[in-house]
Amino acid sequence: MSRDNPYIGPRAFRVTEKLPNREREAKELTNLVMAERVVLLHATSGAGKTSLIQTSVTQRLTDEGLKPTRALRVECPRPPGVDFRNRYVYSLTLDLLGSEGLRPEDLAKMRLSEALAKANDMRGYRVLIIDQLEEILTLDPADLDTKTDFFRQLGEAIEACSMWALLAVRDDYLGSLDHYLRLLPGRPRVTYRLDLLGRQEALAAIRNPASERAVEFTDDAANMLVDKLAGGGCVEPVQLQVVCRRVWRDWDHSQPVIGVRSVENVDIDTALGKYYSRSLDDLVEELEVDERVVRDWFEQSLITDTGYRTQTLRGPEVGELEREVLQQLERMYLIRSDLRAGSRWYELAHDRLVGAVLENNRAWQLHHLASWQVAAYEWNRKDRDPSFLLPKNKLAYVPLTSKALLEHELDFLRKSYEDAGEKWRAKFTATAFRVVFPLALVELVVIVVLVVLR
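Read in UniProt numbering, the sequence shown has 229 at position 229, and its numbers run on one by one without any break.
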């Protein structure tokens, strides 16, 4: 019997995986989609909307003869050199037809009804599924005309192609969509709320995956874990998976059961942050990459300035190990990748990781970096607010180092010295010369050597 970890951590369940203890919800939602033209699935972050769609609902709709699209997204970073009419329409079109060899420029000119009709002709779709619809509100809050045009095109496409639609959104954005939902066919605002797990559902979600590996949680251990997770209320599925994945990893596999000793010290409040930090520890130990570079990549490339998930084409700047690092981060379920029109995009595995990454990065920086470097990060995070610059009495303690500085650190010191006056500007010029000139000299030597060798 395999003893592989049966808990998935902070990612969604995949199409081929079994979602525990959501059979009733899957059946109810499938029946509602079949009865209504457009259904809005809503829940709090971490309740498992994507997991429910990708596993049970997709399969049930297929069994009923209503083949669904995969879960589409309206969030697609602007591709270089492509001028699209509507970024949200383009994103769905890319999801529907991006693998068909069509040029991005041609996809960008299509109306949604045209793209959906082409996809239906090739694959026979009957249900259009859009996941994380709240992204249309967060990507560009001021882009109201483009949002209205998207929902108008979505309504036209559903009507023209005689489709059903399932739209998934977070609870906290539901009210903001009301104005746009009126542009869709069918009864306005037919909704289905996915609740968090009750006590018995949570107990089953803890015990059943382990039982399938011939391992049992004792009653006391399982109940203690639910008490910690619930906090007097319901249990969040994503948090349950993260905590159980760590419990399984730390448990002594020579023992026949998982007992109270394995769960009594679990800290629920910091579980996601510890999962992220421990995964990076393993990554650094295995591949010997710079942890700071990887942490900066998570914060600067996968999270927007306003605190939302975003996608990127590039991995951390770790040289030839970039591909291996990305693969390892996927195996750790910290990120997920998506192939669109021949390009592979990367994003955080779940939006709940946003807060965990930011909080854990700050704690790591406080522990590992000089105080002026921590201040430089905060200055950069706060839109380079001058109030975060170093005062004169602290500039004296900034070391004149020959080590290479990060771009935002160099900018931070420059602005701090400029703000302090002429005497300090001269000191910064000398410091910057000592940092930048050796690097430029090395690059020049390399270029000369390459020319000679040719």
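Just so it is clear, CB atoms sit at the ideal spot from N, CA and C, and this is done for glycine as well.
Simplified DSSP assignment, three categories, for residue i
i: Pro-386; result: helix
i: Ile-258; result: strand
i: Val-294; result: helix
i: Val-235; result: strand
i: Trp-251; result: coil
i: Thr-270; result: helix
i: Thr-16; result: coil
i: Arg-381; result: helix
i: Arg-3; result: coil
i: Val-243; result: helix
i: Asn-393; result: helix
i: Phe-412; result: helix
i: Leu-405; result: coil
i: Pro-104; result: helix
i: Arg-11; result: coil
i: Val-89; result: helix
Buried versus exposed, by CB contacts within 10 Å (16 or more), residue i
i: Asp-131; result: buried
i: Ala-363; result: exposed
i: Arg-351; result: First, the amino acid is wrong: residue 351 is Asp here, not Arg. By the neighbour-count rule (16 or more Cβ atoms within 10 Å), Asp-351 is buried.
i: Val-15; result: exposed
i: Tyr-7; result: buried
i: Lys-49; result: buried
i: Gly-9; result: buried
i: Gly-342; result: exposed
i: Glu-134; result: buried
i: Ala-142; result: exposed
i: Ala-26; result: buried
i: Leu-313; result: exposed
i: Arg-245; result: buried
i: Leu-287; result: exposed
i: Ser-371; result: exposed
i: Glu-100; result: exposed
i: Leu-339; result: exposed
i: Lys-147; result: buried
i: Ser-387; result: exposed
i: Gln-365; result: buried
i: Gln-54; result: buried
i: Glu-75; result: buried
i: Thr-310; result: buried
i: Ala-222; result: buried
i: Gly-421; result: exposed
i: Pro-391; result: exposed
i: Gln-241; result: buried
Supposed close pair residue i, residue j - CB separation, criterion 8 angstroms
i: Ala-210; j: Glu-201; result: Their Cβ separation, rounded to whole angstroms, is 16 angstroms, which puts Ala-210 and Glu-201 out of contact at 8 angstroms.
i: Arg-193; j: Ala-43; result: 6 angstroms
i: Asp-95; j: Leu-72; result: 4 angstroms
i: Gln-239; j: Ile-268; result: 7 angstroms
i: Leu-181; j: Arg-170; result: Not a contact, Cβ separation roughly 15 angstroms.
i: Leu-229; j: Val-263; result: That pair is no contact at about 10 angstroms.
i: Arg-22; j: Ser-56; result: 6 angstroms
i: Leu-353; j: Leu-272; result: 6 angstroms
i: Thr-30; j: Arg-70; result: Thr-30 to Arg-70, Cβ: 16 angstroms. No contact.
i: Met-115; j: Leu-92; result: For the sequence presented, residue 115 should be read as Ala rather than Met. The pair is a contact, with the Cβ atoms about 7 angstroms apart (cut-off 8 angstroms).
i: Gly-155; j: Lys-67; result: Not quite, the Cβ-Cβ distance comes to about 21 angstroms (not below 8 angstroms), so this is no contact.
i: Leu-348; j: Ala-168; result: With a Cβ gap of about 17 angstroms, Leu-348 and Ala-168 do not count as contacting.
i: Arg-152; j: Leu-183; result: 5 angstroms
i: Arg-213; j: Arg-344; result: About 32 angstroms separates the two Cβ atoms, so there is no contact after all.
i: Val-82; j: Pro-104; result: 5 angstroms
i: Arg-323; j: Glu-330; result: Wrong, their Cβ atoms sit about 11 angstroms apart, outside the cutoff.
i: Gly-46; j: Pro-237; result: 7 angstroms
Residue i: CB within 6 angstroms of a non-hydrogen atom of the ligand SAM
i: Thr-62; result: Ligands in the displayed structure: none, and consequently the ligand SAM is not present.
Which whole runs of the beta strand (DSSP E) in the region 116 to 152 are 3 residues long or more, in chain order? 127 to 130
What are the start and end residues of each continuous alpha helix (DSSP H) run of 4 or more residues lying completely inside the region 298 to 378, in chain order? 322 to 331, 353 to 368
Cβ contact check for the region 161 to 168 and the region 120 to 136: 3 or more pairs under 8 angstroms: yes
Could you pull out every unbroken alpha helix (DSSP H) segment of at least 4 residues lying fully inside the region 158 to 226, listed in chain order? 178 to 181, 199 to 211
Would you say the region 257 to 264 touches the region 293 to 313, given that touching needs at least three Cβ pairs under 8 angstroms? no
I'd like the ranges of any alpha helix (DSSP H) spanning at least 4 consecutive residues and lying wholly in the region 26 to 82. 49 to 52, 58 to 63
At a cut of 8 angstroms, does the region 228 to 237 reach the region 278 to 289 through at least three beta carbon pairs? no
Three or more C-beta pairs under 8 angstroms: does that hold for the region 281 to 297 against the region 314 to 325? yes
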